[in-house]
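Using this note's numbering, read the sequence shown as starting at 1263 and increasing by one per residue. Note that CB positions come from ideal geometry on N, CA and C, so glycine has one too.
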Amino acid sequence: MSTRTDAPTRREQILREAARLFAERGFHGVGVDEIGAAVGISGPGLYRHFAGKDAMLAELLVGISERLLDGGRRRVEESDGDPDALLAALIDGHIDFALNDRSLITLHDRELDRLRDTDRKRVRQLQRQYVELWVDVVRRLHPEQSEQQARAAVHAVFGLLNSTPHLGSASTAGDPAARHATEALLRRLAHGAFDALAGPPEA
1263 MSTRTDAPTR REQILREAAR LFAERGFHGV GVDEIGAAVG ISGPGLYRHF AGKDAMLAEL
1323 LVGISERLLD GGRRRVEESD GDPDALLAAL IDGHIDFALN DRSLITLHDR ELDRLRDTDR
1383 KRVRQLQRQY VELWVDVVRR LHPEQSEQQA RAAVHAVFGL LNSTPHLGSA STAGDPAARH
1443 ATEALLRRLA HGAFDALAGP PEA
């Protein structure tokens, strides 16, 4: 995921706080004024940055789908054709997302259907492309498995990694040791799931 260390822009601050509040209280449970207060500006001042809450939600969900796909493609380019290294990099990248952006996982699960059709279709398209990056490398590592089995395994691992909203804040909150332990556990579980594909395909 991104390694930038410069201060976030006001627009990024708004999106971050909107994601947190939407995840905690639901899209309809949060007002524009509350989002504004969280970043220190008036509610109406938000309209200089976004047309409204719907626009914020769309940018959050489309944006994270774009970033995941872009990150996956970059890892493909950097892998030099080594499927083991590529799968490890994809897993590590998704773990970073799952721990850093847990509110966006919650938002996706709860609020995706609130997007306009065009935005929702865009999210689905980006997600399919991201899945196919993983399916391709899994099939290179396990050519004995069908495309259907590889895709099922990828979705299962996504379900595992995207369970982070249920882990509680103790897994990451300001404690590097706790975060490291959570990263290591998720990494072992993900690799173990893919390793289970080894051997003859199921009848």
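The straight-line gap separating the alpha-carbon atoms of L1403 and S1304 is approximately 53 Å.
In this chain, Y1309 is not harboured by any alpha helix (DSSP H), its DSSP state being neither H nor E. By the criterion of a C-beta distance shorter than 8 Å, R1382 is surrounded in its chain by L1374 and D1375, once the five residues flanking it on both sides are discounted. For T1380, the uninterrupted alpha helix (DSSP H) segment begins and ends at D1379 to L1403. Counting along the chain, Q1407 sits inside no alpha helix (DSSP H), nor does DSSP assign it H or E at all. Between I1276 and L1319, the gap from beta carbon to beta carbon reaches 8 Å or more. Cβ-Cβ distances below 6 Å link A1347 to S1341 in the same chain, with the five nearest sequence neighbours on each side left out; the list follows chain order. As the crow flies, the alpha-carbon of R1390 is around 19 Å from that of S1425. Burial is judged here by how many other beta carbons sit within 10 angstroms of a residue's own beta carbon; E1406 has fewer than 16 and is exposed. Assigned with DSSP and collapsed to three states, N1424 falls in coil, not helix or strand. Judged by pairs of C-beta atoms under 8 Å, the segment 1357–1366 does not touch the segment 1288–1298, as fewer than three such pairs exist. A direct Cα-Cα distance of roughly 16 Å separates H1290 from L1366. According to the DSSP assignment, G1454 belongs to the alpha helix (DSSP H) that extends over P1438 to D1457. E1409 and D1457 have their C-alpha atoms some 16 Å from each other. For G1293, no alpha helix (DSSP H) run applies, since DSSP gives it neither H nor E.
Secondary structure at P1345: helix, using DSSP grouped into helix, strand and coil.
Pairing L1323 with L1369 gives a Cβ-Cβ distance under 8 Å.
Annotation for L1352: G1334, R1337, L1395, W1396 and V1399 place their beta carbon closer than 8 Å to its own, counting only its chain and skipping 5 residues before and after.
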